[in-house]
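One structure is given below, encoded as structure tokens.
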Amino acid sequence: MKRVMKFVIEHLSKKFEKREILRDVHFTFEEGKIYGLLGRNGAGKTTLFNCLNRDLKADGGRFYFDIDGVCREAKAEDIGYVLSTPTVPEFLTGREFLKFFMDINEKSIENPKSIDTYFDYMGIEAEDRDKLLKDYSHGMKNKMQMLINIIAKPNLLLLDEPLTSLDVVVAEEMKQLLRSLKQGRITIFSTHLMDLALDLCDEIVLLNHGELEVVEKTNLDSKEFKDKIIAALREEGHE
Numbered sequence: 067m068k069r070v071m072k073f074v075i076e077h078l079s080k081k082f083e084k085r086e087i088l089r090d091v092h093f094t095f096e097e098g099k100i101y102g103l104l105g106r107n108g109a110g111k112t113t114l115f116n117c118l119n120r121d122l123k124a125d126g127g128r129f130y131f132d133i134d135g136v137c138r139e140a141k142a143e144d145i146g147y148v149l150s151t152p153t154v155p156e157f158l159t160g161r162e163f164l165k166f167f168m169d170i171n172e173k174s175i176e177n178p179k180s181i182d183t184y185f186d187y188m189g190i191e192a193e194d195r196d197k198l199l200k201d202y203s204h205g206m207k208n209k210m211q212m213l214i215n216i217i218a219k220p221n222l223l224l225l226d227e228p229l230t231s232l233d234v235v236v237a238e239e240m241k242q243l244l245r246s247l248k249q250g251r252i253t254i255f256s257t258h259l260m261d262l263a264l265d266l267c268d269e270i271v272l273l274n275h276g277e278l279e280v281v282e283k284t285n286l287d288s289k290e291f292k293d294k295i296i297a298a299l300r301e302e303g304h305e
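Counting in the working numbering, the sequence shown runs from 67 upward without gaps.
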């Protein structure tokens, strides 16, 4: 019998001084889907991710997994987080970084493969594998961030605008990779680019006035659909 996994957020809130960034975030995400978290720059997308990853303490509300009807707290190993600006230990080579990650997570990695097999999977060339990470391009660092999350297989993958600054070829490779990985996990992909969200995601969720609302993906290419999103985002900007 197939597992049914959901990630539930209930009434999450976060303020910075007097500014309310997250007001009443309440949403249920389902396994096997890529959700496009769409919002203007500064709408609170990164704040939401930081609260879910516990890098920030929320002011109220809660979040948890519902697996086959049994609710449990989200653990650190449940959540993978890919930042828009890659953060990798630049004093290590790509190979050293992967080996270190695999060594410290040895007990939790299912069916581990060789380091070179993982590099092959990500399309990282042989001559780049023993270079220092400080000499990697932005796109290659992003691939390394993605790779450790592929190895770790978190139940929830948070992607904070990871494709925005990549060249066309690498961005397309990453989109194909994300589509191939969506089964067995929940993926939330934050972006302020509507066309990217429509191209990649199964569901569009709008972060608007500090709350989440789903936008039905019927008639995706219709002018009415896009006008609705733009109107909501424009309204957010004049709050």
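Where is the CB? At the ideal position from N, CA and C, for every residue including glycine. As the structure is a computational prediction, the values presented were derived from the model and not from experiment.
Distance between beta carbons of residue j and residue i, contact taken as under 8 Å
i	j	result
Asp186	Thr159	Going by Cβ atoms, the distance from Asp186 to Thr159 rounds to 17 Å, so no, they are not a contact pair.
Gly102	Ala263	3 Å
Asn208	Pro152	5 Å
Leu122	Lys80	7 Å
Arg120	Phe131	Between Phe131 and Arg120 the Cβ distance is about 14 Å, and since that is not below 8 Å, they are no contact.
His77	Gly108	Wrong, their Cβ atoms sit about 22 Å apart, outside the cutoff.
Gly110	Leu223	About 19 Å; that fails the 8 Å criterion.
Three-state secondary structure assigned by DSSP to residue i
i	result
Val70	coil
Glu193	helix
Ile175	coil
Ser180	coil
Ser150	coil
Glu156	coil
Gln203	Reading the sequence as shown, one finds Ser at residue 203 and not Gln. Here Ser203 sits in coil by DSSP.
Leu122	coil
Lys81	strand
Leu229	coil
Asn274	strand
Short Cβ contact (7 Å threshold) for residue i with residue j
i	j	result
Asp90	Glu279	no
Leu225	Met188	no
Leu259	Lys241	no
Glu227	Thr257	yes
Asp261	Lys99	no
Gly129	Ile75	It should be noted that the sequence gives Phe, not Gly, for residue 129. Yes. Within cutoff.
Val281	Ile270	yes
Cα-Cα separation between residue i and residue j, rounded to whole angstroms
i	j	result
Ser174	Ala237	29 Å
Asn215	Gly250	13 Å
Glu97	Met71	5 Å
Lys248	Lys68	15 Å
Glu239	Ile87	33 Å
Asp182	Phe115	31 Å
Gly135	Asn221	16 Å
Ile217	Asp293	39 Å
Ser246	Glu290	30 Å
Glu83	Leu104	24 Å
Ile170	Arg161	14 Å
Lys200	Asp194	12 Å
Glu176	His92	32 Å
Lys219	Arg106	29 Å
Thr113	Ala124	9 Å
Phe166	Glu172	10 Å
Opening and closing residue of the alpha helix (DSSP H) in which residue i lies
i	result
Ser256	First-last for Ser256: 252–257, but that is the beta strand (DSSP E), not the alpha helix (DSSP H).
Cys267	Segment: none, Cys267 is in no alpha helix (DSSP H) and carries neither H nor E.
Arg138	No alpha helix (DSSP H) contains Arg138, which is instead part of the beta strand (DSSP E) from 136–139.
Leu243	234–247
The beta strand (DSSP E) enclosing residue i, as first and last residue numbers
i	result
His92	85–96
Gly127	126–133
Gly102	100–104
Leu222	222–226
Leu278	277–281
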